[in-house]
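Going by UniProt numbering, the sequence shown opens with residue 1, and the numbers climb by one from there.
A short write-up of the structure that comes next.
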Amino acid sequence: MDEASMAKRQAFECFDRMLQDITDWGLPFGGKIIVFGGEFHQIPPVVLGNSKEDTIDASFVKSSLWSVIVVIFVAGFILRT
């Protein structure tokens, strides 16, 4: 999932529940390996008309699923065409 940093945590939690229902397996994301991409320090989810705290609370890092995520940093990546 590209640009995951812009999605609200509720979207990830819904995706998690959907995969658990489809696979009939109670593991996070139905036991599937999911790759999320994005810069979590640059682009927060959009929460119109709310405070900075509401925006932070809407981010994926505030979800209970964040504790099962393995974060891999890629430094110096340049795409050349």
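The beta-carbon is built from N, C-alpha and C at its ideal position, and this holds for glycine as well.
Model, not experiment: these values are computed from the prediction.
Specify the secondary structure class of residue i as computed by DSSP and reduced to three states.
i: P28; result: helix
i: A4; result: helix
i: L65; result: helix
Specify, as a first and last residue, the run of the alpha helix (DSSP H) that residue i falls within.
i: A11; result: R9 to T23
i: K52; result: K52 to A58
Which residue wins for smallest C-alpha separation from residue i, given the options the options?
i: V70; options: D2, I34, D16 and T23; result: I34
i: K62; options: A75, G49, M18 and P44; result: P44
i: M18; options: A7, A4, G31 and M6; result: G31
i: S5; options: F36, E53, L65 and F29; result: F36
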